[in-house]
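Just so we're aligned, residue 1 is where the sequence shown starts under our numbering, counting upward by one.
Beta carbons are placed, not taken as given, at the ideal position from N, Cα and C, and that holds for glycine.
Model, not experiment: these values are computed from the prediction.
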Amino acid sequence: MAGTQDEKGGTAAGEALRIDKWLWFARFFKSRSLASQFCGTGRVRIAGNVVGKASHMVRVDDVLTFPLREHIRVIKIVALGTRRGPAREAVLLYEDLAPPGAAPKKTAEAEAGVASRDPGSGRPTKRERRLTDRLRDS
């Protein structure tokens, strides 16, 4: 969608953009087809209203709510954007409205107590692995 650009690299406030395209521009999905499929499932809400189509238009100041992996994302659209640029550019397209205390849940590996290693120390040797196994079994 061609339009005038503002100082942030987005389009003018009166314009709109397809929701699947915006989610792809903002780097919430790796491809536009994945964003389109997700929008078609009806799990995206704009200001509390369920969106069932990828062609639904979004505007600046719309608030999106959608589940992504383990988190419920609450995003306010700040700019529409004109391309899918680098991550630094994508972060300028939205404002995350999630509460500051909402830390990501622990992964299954963290809960299982997987042994951690210093970065760069490489894989454990066979002897180190056996020692680790003995320590876990006891």
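In the DSSP assignment, the beta strand (DSSP E) including residue i goes from what residue to what residue?
i     : result
GLU95 : 94-96
ARG73 : 71-77
Going straight from the alpha carbon of residue i to that of residue j, what length do you get?
i      : j      : result
ARG123 : SER36  : 40 Å
SER33  : ARG127 : 47 Å
LEU17  : LEU80  : 7 Å
LEU64  : ALA98  : 11 Å
PRO67  : VAL44  : 8 Å
LEU92  : VAL74  : 15 Å
ILE77  : ASP61  : 5 Å
Does DSSP put residue i in a helix, a strand or coil?
i      : result
GLY9   : Low local confidence applies: a pLDDT of 47 at GLY9 is under 50, so the model's placement there is unreliable, with the coordinate-based value given in what follows. Of the three classes helix, strand and coil, the one that applies to GLY9 here is coil, per DSSP.
LEU80  : coil
ARG127 : helix
ARG18  : strand
ASP137 : helix
PHE28  : coil
Could you check where the alpha helix (DSSP H) with residue i kicks off and where it finishes?
i     : result
ARG88 : 87-90
(request) Enumerate, from N- to C-terminal direction, the unbroken beta strand (DSSP E) stretches of 3 or more residues contained entirely within the segment 33-69. (result) 44-46, 49-51 and 63-68
(request) Kindly confirm or deny that the segment 52-71 and the segment 19-26 touch, where touching means at least three C-beta pairs closer than 8 Å. (result) Touching, yes, given that three or more Cβ pairs across the two stretches are closer than 8 Å.
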